[in-house]
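Colleague: Numbering (the UniProt record's numbering), first residue to last: 1 to 176. Every residue, glycine too, gets a C-beta built ideally from N, C-alpha and C. This structure is in structure tokens; I'll ask about it shortly.
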């Protein structure tokens with residue numbers, strides 16, 4: 001009887017350990033890229049760019065050099081602190097908690113189905129600015145990735161098929 005009780009106790013202990021023993025209730029630290037969200041607008045010969053950093057600061061590119069930079073170079077120079085007031089200008093700030101919530105949704109949705117933009121079969125034949133909203137995130141392997149969360153082309157709104165990404169776009173466009 002004692003052996004049966006000891007064996008039963010050992011089994012219960014093992015089941016308990018495999019179903020959550022050692023799991024922490026502490027939230028995992030979120031690793032947010034230096035540049036988290038970006039908005040671009042281009043039309044004919046003009047190009048404009050705004051971006052949000054991991055602290056919730058929203059900047060506009062002032063110099064033509066920065067406006068013409070590729071994303072990798074922009075991230076490197078911003079992280080190194082080499083962009084000055086003649087390159088970028090702070091426009092506003094947002095709540096860091098709201099930024100982290102939007103970023104968490106972005107990461108969750110980025111690996112899901114339906115994250116591609118859903119273009120209509122035909123776009124109007126009009127000349128209009130091209131607008132794009134991007135999110136930058138770290139994938140499971142720690143590589144920085146970019147996902148387009150929304151676009152406006154030929155005066156046509158283009159969304160994704162993913163509700164979380166659409167909510168990220170709504171937050172981004174409403175906040176900034």
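1) Assuming residue 59 contacts residue 32 (C-beta within less than 8 Å), just tell me the rounded distance between them.
2) In chain order, what residues of the same chain lie with their CB nearer than 7 Å to the CB of residue 79, ignoring the 5 residues before and after it?
3) Which residue's Cα is closest to the Cα of residue 165: 114, 81, 36?
4) Should residue 147 be labelled buried (16 or more other beta-carbon atoms within 10 Å of its own) or exposed?
5) DSSP three-state call for residue 173: helix, strand or coil?
6) Note down, in chain order, each residue of its chain lying with its Cβ closer than 8 Å to the Cβ of residue 161, except the 5 sequence neighbours on either side.
7) Under 7 Å between the Cβ atoms of residue 132 and residue 102?
8) Just the Cα atoms here: how many angstroms apart are residue 81 and residue 124?
9) In the DSSP assignment, find the unbroken alpha helix (DSSP H) run with residue 97 in it and report its ends.
10) So is residue 97 buried or exposed if we call it buried at 16+ other beta carbons inside 10 Å?
11) I'd like to know whether the C-beta atoms of residue 93 and residue 56 end up nearer to each other than 7 Å.
12) In the structure shown, what three-state DSSP assignment does residue 134 receive?
Modeller: Working from what's here:
1) On the chain shown, residue 59 is found 59 positions in, with the first residue counted as 1. On the chain shown, residue 32 is found 32 positions in, with the first residue counted as 1. No, residue 59 and residue 32 are not in contact; Cβ-Cβ is about 16 Å, not under 8 Å.
2) Counting from one through the chain shown, the residue named residue 79 turns up at place 79. Result list for residue 79: 34, in chain order.
3) By 1-based counting over the chain shown, the position of residue 165 is 165. Taking only the C-alpha atoms, the option nearest residue 165 is 114.
4) For the purposes of this step, residue 147 is identified with residue 147 of the chain shown, where counting begins at 1. Burial call: buried.
5) As a first step, residue 173 is located in the chain shown; it is residue number 173 there, counting from the start. The answer is helix: DSSP assigns residue 173 an H, G or I state.
6) Position 161 of the chain shown holds residue 161. Within the same chain, residue 161 has close Cβ partners 113, 114, 115, 116, 118.
7) Position 132 of the chain shown holds residue 132. Position 102 of the chain shown holds residue 102. Against a cut-off of 7 Å, the Cβ pair of residue 102 and residue 132 comes out as no contact.
8) Start at 1 with the first residue of the chain shown, and residue 81 comes out as number 81. Start at 1 with the first residue of the chain shown, and residue 124 comes out as number 124. If you take the alpha carbons of residue 81 and residue 124, they lie about 42 Å apart.
9) Numbered from its first residue, the chain shown carries residue 97 at position 97. Looking at the DSSP string, the run of the alpha helix (DSSP H) that includes residue 97 is 96–110.
10) The residue you call residue 97 lines up with position 97 of the chain shown. Residue 97 should be labelled exposed.
11) Sequence index remark: in the chain shown, residue 93 carries index 93 (1-based). Sequence index remark: in the chain shown, residue 56 carries index 56 (1-based). In contact: residue 93 and residue 56 (Cβ atoms closer than 7 Å).
12) Taking the chain shown and counting its residues from 1, the one referred to as residue 134 is at position 134. Strand at residue 134.
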